Amino acid sequence: FYMEYRYCGEDGDPDLELTDCPTSVSDTKLAYRSQLLQWHIEDPVDEAERARNHRACERWQGNRNIFVDFPELVSSLYGEAQSQSGSNGYLCPDVDISRAPTNGPISDGSICKSLKAGDVQVVGLHSDSPDEVALVALEDLPYGLELFLTDNGWTGSSFRGSEGTAKLLVPSGGISKGAIFGFGPESSLAYANAWSKSGNLALSATGDSVIVYCKLPDSSYNFLAALTYDGSWVDGEIDSNSSVLPPGLGNANTALSHKDNYKYIGPRKGSKNDLIKYIAKSANWSGFNSVQSFSFGQFSVSSSSANLKNYFLLPAICVFTIILANNYLQI
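Structure representation (structure tokens):
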């Protein structure tokens, strides 16, 4: 855990990653994350380890291991260990090069499990013809991911089903964190014409919603982002313009008053959590009733590792007060 957050690709350091799915082509992946999570539970930090951590800082190294000082961070940053799956090790939701088929990507929904709400966000839309939706990836989107975009409203238990859906199979090489891409038959955005459509996906100029999701192996929905430009999310019955807020999105949604077209104009640099909050604020959007170009520059998404790294690089300050708030360390 220390190695991943200490070495995060800055200042010439390697960018180490703790994973259940190492590949034969990477020398920066450490394994196995779930095994270490299990050991963390079975052998919790004790006083001897705390004393050793303090001596290492005070006498030699000049920095500390945050996961000894604050063992509860492990579960908040890494979640729970997954069970081993037979003799093949752990289930790998991201594409493991050593196991991937040679004739195409894996598209059985398992990749979707690695994504969380906010990993993709809506940053622009045109409901005036021609329709266009601009998206930003706030995490790397892996090759083989099936990404869905719909203007069907969510009823609270299912999609209304009277409108349309588009599906993008993320191409070889994936879509990099910070990249702008989108949907639209006449759009110049990356991958705009690579979506397959079903139904009648046509954004209404009188208000509508856009919901982005992927499908899990059991065909349930993993909601990633949602935007309404019909004023607000509704709590009851919906019509062709309105929608209930899909579950699990937290801050990863945007509710805007009605304009035919919208463009995000807020900050484009920060951590994923910060950018999600910026995108959710209506004050960071510009609405207009005529089509305007989406001339976005790439977003710069900083890693939470950068915030934690400072803890490991403290110059021989071995006793201090630390406050944990919203996954940020204030020293």
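Quick note on the numbering used here: the sequence shown kicks off at 51 and runs consecutively.
Glycine included, every Cβ here is placed at the ideal spot set by N, Cα and C.
Keep in mind the model is a prediction, meaning the values are calculated, not measured.
Nearest-angstrom Cα separation, counted from Ile-329 out to Glu-442: Outside the displayed range of the chain (51 to 381) lies residue 442, so it cannot be described from this structure.
query: Is the beta carbon of Leu-191 less than 8 Å from the beta carbon of Val-173?
result: no
query: Any contact of the stretch 333-344 with the stretch 305-316, i.e. 3+ C-beta pairs under 8 Å?
result: yes
message: Within 10 Å of its beta-carbon, does Asn-250 have 16 or more other beta-carbons around it, so buried, or fewer, so exposed?
response: exposed
- request: Check the DSSP bridge columns for Val-351 and list the partner residues they point to.
  value: Gly-320
message: Taking the straight line between their C-alpha atoms, what separation do you get for Tyr-52 and Asn-115?
response: 6 Å
query: Do the CB positions of Val-220 and Tyr-193 come within less than 8 Å of each other?
result: yes
- request: Hey, could you find the ends of the alpha helix (DSSP H) Ser-126 is sitting in?
  value: 123-128
query: Nearest to Gly-232 by alpha carbon, out of Val-351, Tyr-241, Leu-277?
result: Tyr-241
field: Beta-carbon gap between Lys-227 and Ala-187 smaller than 8 Å
entry: yes
- request: Alpha carbon to alpha carbon, how far is Ser-246 from Ser-282? Give it in angstroms, no decimals.
  value: 29 Å
Ser-125 versus Ala-302 - alpha carbon distance: 22 Å
message: Looking at the secondary structure, which residues open and close the beta strand (DSSP E) in which Asn-272 lies?
response: 271-278
query: In terms of alpha-carbon separation, which member of Lys-265, Ile-91, Gln-132 lies closest to Pro-121?
result: Ile-91
query: Between Val-118, Gln-88, Glu-99, which lies nearest to Glu-130 when the distance is taken from Cα to Cα?
result: Gln-88
- prompt: If you check the beta carbons only, do Ser-179 and Ser-254 fall under 8 Å apart?
  reply: no
field: Residues that DSSP places opposite Thr-256 in a beta bridge
entry: Paired residue(s): none; Thr-256 is not in a bridge.
task: Determine the closest residue to Asn-323 out of Ser-352, Ala-333, Gly-298, with distance taken between C-alpha atoms.
output: Ser-352
- request: Evaluate Ile-288 with the Cβ neighbour count: other Cβ atoms within 10 Å of its Cβ, from every protein chain shown; 16 or more gives buried, anything less gives exposed.
  value: buried
- prompt: CB-CB under 8 Å to Ala-252, same chain, minus the five flanking residues each way: which ones, in chain order?
  reply: Asp-181, Asp-201, Glu-213, Gly-214
C-beta contact flag for Ile-326 and Pro-296 at 8 Å: no
DSSP state of Phe-117 mapped onto helix, strand, coil: helix
message: Restricting to runs no shorter than 4 residues, where is the alpha helix (DSSP H) found entirely within the stretch 69-110?
response: 83-92, 97-105
message: Which same chain residues end up closer than 6 Å to Phe-349 when comparing Cβ atoms and leaving out the 5 residues on each side of it in sequence?
response: Val-186, Gly-228, Arg-318
message: With distance defined between alpha-carbon atoms, name the residue in Ser-208, Trp-204, Leu-274, Pro-235 nearest to Glu-196.
response: Leu-274
message: Measuring alpha carbon to alpha carbon, tell me which residue in Ala-276, Gly-224, Ser-84 is nearest Leu-127.
response: Ser-84
task: Measure the C-alpha to C-alpha separation of Val-62 and Leu-80 and round it to an integer number of angstroms.
output: It should be noted that the sequence gives Gly, not Val, for residue 62. The straight-line gap from Cα to Cα measures roughly 19 Å.
query: Three-state secondary structure (DSSP) at Lys-265?
result: strand
query: Roughly how many angstroms separate the alpha carbons of Asn-243 and Glu-54, rounded to a whole number?
result: 38 Å
message: What residue range does the beta strand (DSSP E) around Tyr-193 cover?
response: Taken as a continuous stretch (DSSP letters only), Tyr-193 belongs to no beta strand (DSSP E), as it is neither H nor E.
field: Among Ser-259, Ser-133, Asn-272, Ala-333, nearest to Gly-203 - alpha-carbon criterion
entry: Ser-259
C-alpha distance - Glu-434 paired with Val-341, whole-angstrom precision: Any property of residue 434 remains undetermined from this structure, which presents the chain solely from 51 to 381.
- prompt: Sorted by chain position, which residues of the same chain lie with C-beta nearer than 7 Å to Arg-210's C-beta, five sequence neighbours on each side aside?
  reply: Asn-202, Gly-203, Ile-288
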